[in-house]
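Counting in the UniProt record's numbering, the sequence shown runs from 1 upward without gaps.
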Amino acid sequence: MYLFNSRVRYSEMNHQKNTMDPSSIINYFQDCSTFQSEDLNLGLSYLQKKNRIWLLTGWQLQIKSPIHLGDQITIGTWPYDFKGFYGYRNFIMKNDREEVLAVANSIWVYIDTTTNRPTKVPDDHAGYTLEPPYPMEYADRKINLPDNLVSQPKFKVIKSNIDSYNHVNNGQYIKMAEEYLPDTFITREMRVEYRKQAVLDDTIVPMICCQKNNCVVVLSDQENKPYAIIEFIQ
């Protein structure tokens, strides 16, 4: 397992709920996998030379305990399987008492950037060492859309949403979706399904359905084709 230590910052908190939002947890997890790749010399420049990228297709996040300002935390990640052009990776966040605060599963696709098509992960697992999967109940990658979605005002993708691949960063979709959660909603679990990539100046049309224990936020284009579907469960 690859690990790094940190401390929860003021800028990472939802101060209305006195805890860290899912988007901030996901940012830590994304940083952790990036750090591992860079430390193994398998990072952005390596992939660019090989005309490859890892494209994230889905998250399943479980928040075991609220994460508070100033908490000393350790973030860990490891890949646990490769099948065809898919890669599967777990994440974990613990406090300084070794208590698990959050865990996640993620599903990635290995892409050949010369064709923009998936390509088989090489036999050496693209340079990574596999470890056993985290013992959690793994949800399906696909998220069913509710029938009673309600459209919200559309908005444009701005520069701060964009990452090094010139499309909206995976965590930014989650941050956008969090804006539509009720003030009293406390997320215990989250699933994300990414369907296509939004780029600078694209228009995003949010559609929302909140029920007693879950909220589904669909971030779509103007033809109602989803960029990302985010389900929050409390």
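Glycine residues also receive a C-beta, built at the ideal position from the N, C-alpha and C atoms. Just so you know, these numbers come straight off a predicted model, no measurement behind them.
From V100 to R188, what does the alpha carbon distance come to, in whole angstroms? Numbered from 1 along the sequence shown, position 100 holds the residue referred to as residue 100. Numbered from 1 along the sequence shown, position 188 holds the residue referred to as residue 188. Cα-Cα distance, rounded: 13 Å.
Contact under 8 Å by Cβ, L61 with I26: The residue you call residue 61 lines up with position 61 of the sequence shown. The residue you call residue 26 lines up with position 26 of the sequence shown. Going by C-beta atoms, L61 is nearer than 8 Å to I26.
Run of the alpha helix (DSSP H) containing T34, from where it starts to where it stops: Reading the sequence shown from its first residue, position 34 is the one you call residue 34. Residues P22 to D39.
Taking 8 Å as the limit between beta carbons, can you name the residues of its chain near K120, skipping five residues before and five after? Position 120 of the sequence shown holds residue 120. Hits under 8 Å: G84, F85 and Y110.
For L149, which of C210, A139, D21 and Y194 has the nearest alpha-carbon? Numbered from its first residue, the sequence shown carries residue 149 at position 149. For the residues C210, A139, D21 and Y194, the minimum Cα distance to L149 belongs to C210.
Assuming P206 contacts V217 under a Cβ cut-off of 8 Å, what Cβ separation, rounded to an integer in Å, is found between them? Your numbering for residue 206 matches position 206 in the sequence shown. Your numbering for residue 217 matches position 217 in the sequence shown. Sure, about 6 Å apart at Cβ, within 8 Å.
Between I174 and S23, which are expected to be in contact by the criterion C-beta below 8 Å, what is the C-beta distance as a whole number of angstroms? The residue you call residue 174 lines up with position 174 of the sequence shown. The residue you call residue 23 lines up with position 23 of the sequence shown. That belief holds up - the Cβ atoms of I174 and S23 are roughly 4 Å apart, short of 8 Å.
Contact between the segment 28–43 and the segment 142–158: three or more CB pairs below 8 Å? no
CB-CB under 7 Å to G171, same chain, minus the five flanking residues each way: which ones, in chain order? For the purposes of this step, residue 171 is identified with residue 171 of the sequence shown, where counting begins at 1. These residues qualify, in order along the chain: S23, I26, N27 and Q30.
With N90 as the anchor, note down where its beta strand (DSSP E) starts and where it stops. Taking the sequence shown and counting its residues from 1, one reaches residue 90 at position 90. Per DSSP, N90 belongs to the beta strand (DSSP E) from Y86 to N95.
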